[in-house]
Ligand code: SF4
């Protein structure tokens, strides 16, 4: 049995102080991933700090013209918020593509960023796993790896980040607000999650004693031209084999700005800003999109169980461009 103590905080500063005083502590909000990990003996917090009473449930406009979403806003509340639905429909769609309504009703925005991979070996405490126990090995390399990474993986871990919401936040260039004993800081979304390298047990660049307080969206929401494509084994309540979050700014047929993040393919939402920049000023055509997908997937490497994901991702990118530009296959030549 895992013995633990439970405490509750009413203010951010109190939660941080409780964490500092208690050592091996975990913050808990919705608990939709932490409790799973706890039950299968992958997480063993000695102290659990309930943060549900912290004043982090607002969605409010920023001076820069964007929106700030409190870390304790539930996934459902974020997806159905009228401002988010109208200005950032890409984010709403990505959130609603994830999990189930029951889970979205309790899962928090902050917790969504911190959810851990769904690699089956990671959840099985009876197997080796470098992410769970550094230095023990990675059975997924030669084992069951249908859901695993084709980009940015290492010989130590080929797990993928499971979130849908984070793929949209990456495409939207969100930022993450953090508070800790040394004060507050803001991380660009691209710097929040990490690639596995030789430290696959560390998923993010947030410190153990820091708390996510908000996610901020910049002004540009790509409300007019966007798409979230999720390809999965089941029509609902399934993690992505591949997903694509795409935002386009178009002037007629010409691409003014493009942002494209991939999910289900790497240890973090995957972007290639050079490939995106190469789209600027180009006419939207089948050739443009195919060349972009080729650029994005140039270093992709499949394994026995997931090699199909390379072509699947290319096709999902094409579908995302069709959806975002509101064209048909006939019109586009794809
Ligand atoms: Fe563990 Fe990562 Fe290998 Fe899965 S892919 S078994 S999480 S080291």
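Residue numbers (the UniProt record's numbering): 1 to 334.
By construction, the Cβ of each residue, glycine as well, lies at the ideal position given by its N, Cα and C atoms.
These numbers were taken from a predicted model, which means no experiment stands behind them.
Environment of residue i [buried if 16+ CB atoms lie within 10 Å]
i, result
"residue 207", "exposed"
"residue 75", "buried"
"residue 219", "exposed"
"residue 271", "buried"
"residue 198", "exposed"
"residue 115", "buried"
"residue 200", "buried"
"residue 313", "buried"
"residue 175", "buried"
"residue 384", "In the structure as shown, the chain starts at 1 and stops at 334, and residue 384 therefore has no counterpart that could be examined."
"residue 1", "exposed"
"residue 184", "exposed"
"residue 210", "buried"
Nearest-angstrom Cα separation, counted from residue j out to residue i
i, j, result
"residue 165", "residue 308", "24 Å"
"residue 217", "residue 288", "28 Å"
"residue 77", "residue 169", "16 Å"
"residue 188", "residue 48", "28 Å"
"residue 254", "residue 279", "9 Å"
"residue 129", "residue 138", "5 Å"
"residue 315", "residue 296", "12 Å"
"residue 112", "residue 224", "26 Å"
"residue 163", "residue 317", "18 Å"
"residue 29", "residue 109", "10 Å"
"residue 38", "residue 252", "52 Å"
"residue 72", "residue 42", "24 Å"
"residue 123", "residue 40", "7 Å"
"residue 95", "residue 136", "34 Å"
"residue 192", "residue 267", "12 Å"
"residue 196", "residue 263", "15 Å"
"residue 88", "residue 67", "10 Å"
"residue 194", "residue 145", "20 Å"
"residue 257", "residue 19", "42 Å"
"residue 324", "residue 215", "24 Å"
"residue 51", "residue 9", "6 Å"
"residue 65", "residue 4", "43 Å"
"residue 319", "residue 229", "7 Å"
Residue i - partner residues in DSSP beta bridges
i, result
"residue 48", "6, 26"
"residue 180", "183"
"residue 214", "70, 177"
"residue 154", "157"
"residue 270", "262"
"residue 188", "175"
"residue 283", "254"
"residue 193", "204"
Host beta strand (DSSP E) of residue i (start-end)
i, result
"residue 250", "242-251"
"residue 230", "226-231"
"residue 257", "254-263"
"residue 68", "67-70"
"residue 59", "59-61"
Boundaries (first-last residue) of the alpha helix (DSSP H) holding residue i
i, result
"residue 310", "308-325"
"residue 111", "109-114"
"residue 89", "89-96"
"residue 103", "101-106"
"residue 294", "286-296"
"residue 203", "Neither: residue 203 is in no alpha helix (DSSP H) and is coded neither H nor E."
"residue 80", "75-80"
"residue 34", "34-39"
"residue 167", "165-171"
**Study point:** Any residue whose CB is nearer than 5 Å to a heavy atom belonging to the ligand SF4, listed in chain order
**Key:** 119, 121, 122, 129, 130, 131, 138, 140, 157, 158, 159
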